[in-house]
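Below: one structure, written as structure tokens.
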Ligand SMILES: Nc1nc2c(ncn2[C@@H]2O[C@H](COP(=O)(O)OP(=O)(O)OP(=O)(O)O)[C@@H](O)[C@H]2O)c(=O)[nH]1
Ligand SMILES: Nc1nc2c(ncn2[C@@H]2O[C@H](COP(=O)(O)OP(=O)(O)OP(=O)(O)O)[C@@H](O)[C@H]2O)c(=O)[nH]1
Ligand SMILES: [Mg+2]
Ligand SMILES: [Mg+2]
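Protein chains in written order, with the numbering used here: chain S, -14 to 271; chain F, 15 to 292.
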């Protein structure tokens, strides 16, 4: 379950035949380096490794478990604590709204979600709530056509709220209606207002924050602002097909006290995976 | 009095942490602080100057040293034979297309004409996006149909510029992952065929340590000439600027400060380092 470099660190601990303070500290340092390289927030890394050290030194291994298995289990459990379990994505009628920073992958992810639900037998509907970005209408429309999904947008409108209202009315037959919105960050207060207004109109069952896997831990404040503005129900981490580990995105998950729902692993519309903690954890630990 | 390790070390940890918290990559933060330590140990300081102030001043200089001497983009434009062919490359969603529109506007303000070459023949809505920008800033867009050869579009744009006395060709390319061998081969081919006068790597200020990986890969693939860092207006420290400069040692020429055509400004090392140290 753990990355190979971490397995080596744990191997070091057990070579000494017993778990002592020095080797536990070495392990904690290795884990810290791996997580800091993956952009996990400094304080979160500190909390995590303090817990691991404390448990490794003070907990008794359960009956029949070797010290080595016990330490591996502790590391895995503490990682799971911050990464979160698999998220339940209900297979039912629902309205979904996607928000996030500029360029994070919302529009592409909207179409991926439509594809996902369509394959599960739920008719999707895509609504272009981005009236700002040049070509946004064309982009989402073209993606909808690729998967033969119903689409609503108003090419010339500058009123995102009205477009979304109209879209919800038009797409009454869609079981899962997915609202794409323009990129925005916390200092663009007029855009944050717009997002709050779209949220009031849609009253989404799920509000997903779409985050690029390579984002730095500065995203912590962003996650906070988005959560305070509309409440975040889940995070979708995109662009995991690169080298980024998603530690920054994880910081956002922890800050917004939510879970990871999906992972984007490429530009194609079928490159969306349900979140599964084990592989995410081993990727983080390098 | 001479500084030794014990004088210096307590501050180094704190400085390294401040870099990490500003999103500078771990290995870059460590290298900067290691170099600082070796520069400081053995330094003579005046009796009255306290070592903390000395270390912090040296730290500021160390950060300034990370940035290669500034490259003046407009001097380059002034001096180079026209048409000047500039290629923009980078990973997905960093702001290449928007940056091209901003640069075109900035060139206009300095009296230079430009065409936008739509080298993203792949992504949904890419052609319409650049078309709309062209319409908004009243600039010609050279494009082929979707799925066409990006090198051919840019080549066309250069031919058009030669025939019509246009000063600058701004070549847009599709975003691509540095891990995608085929797409990185494609960008090498675009360079081979269109022989750009300047290759600009665009990355975003909100990036974390992955900025190191992608800067390295793009630089190895096409030998980047300059960097533009977008989205500096988002509420982030922008440590990616330090990670990128340290890794590929190429000058940052502009920063993107918003989504509008005017939202671009020339990169200034002192200003940026001041921001990081705040
Ligand atoms: N490699 C890769 N590229 C992705 C992924 N998801 C999105 N992209 C690409 O990232 C770029 C930005 O995606 P968009 O969907 O336009 O992002 P956005 O959040 O809608 O952007 P704005 O609307 O401008 O805020 C595009 O080039 C996408 O093809 C992914 O999982 N992997
Ligand atoms: N706030 C802010 N947003 C920016 C800046 N530069 C670009 N953007 C936004 O970032 C998003 C992506 O910009 P694009 O120009 O489409 O990025 P790209 O690199 O061409 O994307 P791909 O072609 O899909 O790889 C858009 O919503 C832009 O408006 C900036 O400096 N500040
Ligand atoms: Mg979009
Ligand atoms: Mg583009």
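Note that beta-carbon positions come from the ideal geometry of N, C-alpha and C, so glycine has one too.
Quick one: is residue i near chain S, going by C-beta distance under 7 Å?
| i | result |
| --- | --- |
| residue 158 of chain F | no |
| residue 223 of chain F | yes |
| residue 250 of chain F | yes |
| residue 185 of chain F | no |
| residue 220 of chain F | yes |
| residue 198 of chain F | no |
| residue 289 of chain F | no |
| residue 271 of chain F | no |
| residue 260 of chain F | no |
| residue 37 of chain F | yes |
| residue 107 of chain F | yes |
| residue 116 of chain F | no |
Which two residues bound the contiguous alpha helix (DSSP H) that contains residue i?
| i | result |
| --- | --- |
| residue 37 of chain S | 27 to 43 |
| residue 233 of chain S | 232 to 240 |
| residue 92 of chain S | 91 to 104 |
| residue 267 of chain S | 262 to 269 |
| residue 22 of chain S | 6 to 22 |
| residue 179 of chain S | 174 to 187 |
| residue 205 of chain S | 204 to 215 |
Helix, strand or coil for residue i? Go by DSSP, reduced to three states.
| i | result |
| --- | --- |
| residue 143 of chain S | coil |
| residue -14 of chain S | Because residue -14 of chain S carries a pLDDT of 46, less than 50, the predicted location of this residue cannot be relied on, and no value is offered for it. |
| residue 75 of chain F | helix |
| residue 201 of chain F | helix |
| residue 56 of chain F | coil |
| residue 35 of chain F | helix |
| residue 189 of chain F | coil |
| residue 88 of chain F | helix |
| residue 129 of chain F | strand |
| residue 275 of chain F | coil |
| residue 76 of chain S | coil |
| residue 246 of chain S | strand |
| residue 50 of chain S | coil |
| residue 179 of chain F | coil |
| residue 154 of chain S | helix |
| residue 100 of chain F | strand |
| residue 285 of chain F | helix |
| residue 162 of chain S | strand |
| residue 109 of chain S | strand |
| residue 159 of chain F | coil |
| residue 240 of chain F | strand |
Are the C-beta atoms of residue i and some chain F residue less than 7 Å apart?
| i | result |
| --- | --- |
| residue -14 of chain S | Per-residue confidence for residue -14 of chain S stands at a pLDDT of 46, beneath the threshold of 50, marking its modelled position as unreliable; no derived number is given. |
| residue 107 of chain S | no |
| residue 203 of chain S | yes |
| residue 171 of chain S | yes |
| residue 17 of chain S | no |
| residue 124 of chain S | yes |
| residue 200 of chain S | yes |
Taking 6 Å as the line, does the beta carbon of residue i fall inside it for any heavy atom of ligand 4?
| i | result |
| --- | --- |
| residue 113 of chain F | no |
| residue 145 of chain F | no |
| residue 119 of chain F | no |
| residue 134 of chain F | yes |
| residue 110 of chain F | yes |
Kindly examine ligand 1 and report whether one of its heavy atoms sits closer than 6 Å to the Cβ of residue i.
| i | result |
| --- | --- |
| residue 252 of chain S | yes |
| residue 168 of chain S | yes |
| residue 271 of chain S | no |
| residue 18 of chain S | no |
| residue 192 of chain S | no |
| residue 228 of chain F | no |
Please list the terminal residues of the continuous beta strand (DSSP E) segment that includes residue i.
| i | result |
| --- | --- |
| residue 220 of chain S | 219 to 223 |
| residue 235 of chain F | No beta strand (DSSP E) holds residue 235 of chain F; the alpha helix (DSSP H) holding it covers 224 to 236. |
| residue 192 of chain S | 191 to 197 |
Is the beta carbon of residue i within less than 6 Å of some heavy atom of ligand 6?
| i | result |
| --- | --- |
| residue 245 of chain F | Ligand 6 is absent from the structure shown, which contains only ligand 1, ligand 2, ligand 3 and ligand 4. |
Tell me whether residue i, by its Cβ, gets closer than 6 Å to a heavy atom of ligand 3.
| i | result |
| --- | --- |
| residue 237 of chain F | no |
| residue 115 of chain S | yes |
Give a single yes or no on whether residue i has its beta carbon closer than 6 Å to a heavy atom of ligand 2.
| i | result |
| --- | --- |
| residue 244 of chain S | no |
| residue 40 of chain S | no |
Next on the checklist: Using 8 Å as the cut-off, can you tell me whether the stretch 104 to 121 of chain S makes contact with the stretch 232 to 239 of chain S, which would need three or more C-beta pairs spanning the two stretches below that distance?
Outcome noted: Touching, no.
Next on the checklist: I want to know whether the stretch 183 to 193 of chain F touches the stretch 122 to 138 of chain F - three or more CB-CB distances under 8 Å.
Outcome noted: Segment contact: the stretch 183 to 193 of chain F against the stretch 122 to 138 of chain F, three or more CB-CB distances shorter than 8 Å; contact assigned.
Next on the checklist: For the structure I just gave you, are there three or more beta carbon pairs, one from the stretch 257 to 277 of chain F and one from the stretch 214 to 233 of chain F, closer than 8 Å?
Outcome noted: The stretch 257 to 277 of chain F vs the stretch 214 to 233 of chain F: in contact.
Checklist entry - How about the stretch 19 to 35 of chain F and the stretch 93 to 110 of chain S: do they share at least three Cβ pairs that are nearer than 8 Å? => result No, the stretch 19 to 35 of chain F does not touch the stretch 93 to 110 of chain S.
Checklist entry - Counting Cβ pairs, one atom from each stretch, are 3 or more of them under 8 Å apart for the stretch 35 to 49 of chain F and the stretch 243 to 257 of chain F? => result Cβ pair count under 8 Å is three or more, so yes.
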